[in-house]
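First comes the structure, then the notes that go with it.
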DNA sequence: ATGCCGGGCGAAGCCCGA
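Residue numbers (our numbering): 1367 to 1645.
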């Protein structure tokens, strides 16, 4: 049978105005149903709304001048649940946007996160990152109890394991690799979220970010810091994950590439035989 | 220890990112 899949992607675009051609080309080629963007680096009124809407997307934007900023593009009806991270009401940085997407057959809760970078370690920025992650874990636990198809996706600014880093020794005191940061990532997994990429590719070295500096891209000096975390109900219908590495070779690329998850309507487990005394 | 590269801002050079 040919099941229609829903595709849900995340991409740190590193300024939507600077990288709009790369984004629109990709949208036209891949036609993802839902896209989580981070680092749009603009106010809502500066967002290229018309160009995106013309491609068939509904838009929800949490903007900020110059820095940060997140947006959700959706081919399906979408409504905002939270435009700030619950627990951090005074946060003046645009880093969180949680929406409900009503797809044809299923409803999805999708949280778009741009976790603070946290460098340098130690320092105030690192402390802010840990506070932010603490609140994210608390909220992630709350929404898990809804037992919905939920995705927490975005730029986590955490490389979960040394294997996700081209030079672990050189990065061991970076905020992206510090044990304190990684502990919060594991906490999300322990709550019951699954790392979508690792569900399907448990042993492959796959990066999502290559710094512009130092020839990182040509020598494949990358990190895996962009993730899709899935509630059990979402993980159960995960069909495919792709990291669009080719994007990093474009002219004028973002320094991140997109990660795309594809989901079906039915569990991946074709048959569950229950032990029963009834026969 | 710092810069590398690249974007924003704004019109030079600094702040920020990862």
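Using N, Cα and C, we set each Cβ at its ideal position, and we do this for glycine too.
Check, Outcome
"Inter-residue spacing [alpha-carbon to alpha-carbon] between residue 1604 and residue 1491", "35 Å"
"Minimum length 4: unbroken alpha helix (DSSP H) runs contained in the segment 1415-1460", "1415-1419"
"Among 1456, 1610 and 1564, nearest to residue 1596 - alpha-carbon criterion", "1564"
"Under 8 Å between C-beta atoms of residue 1594 and residue 1562", "yes"
"Own chain partners of residue 1460 with C-beta closer than 7 Å, once the 5 adjacent residues on each side are dropped", "1428, 1429, 1430, 1434, 1435 and 1436"
"Proximal residues to residue 1372 (C-beta, below 6 Å), its chain only, five neighbours per side dropped", "1399, 1469 and 1629"
"Helix, strand or coil at residue 1379 [DSSP, three-state]", "coil"
"Per DSSP, the bridge partner or partners of residue 1477", "1464 and 1518"
"Identified DSSP bridge partners for residue 1404", "1378 and 1436"
"Local conformation of residue 1489 per DSSP, three classes", "coil"
"Stretch pair the segment 1383-1395 + the segment 1412-1421: three plus CB contacts closer than 8 Å", "yes"
"Minimum C-alpha distance to residue 1449 - residue among 1442, 1477 and 1440", "1477"
"For residue 1369 and residue 1439, the rounded distance between their alpha carbons", "23 Å"
"Opposing strand residues paired with residue 1628 [DSSP bridges]", "1373 and 1606"
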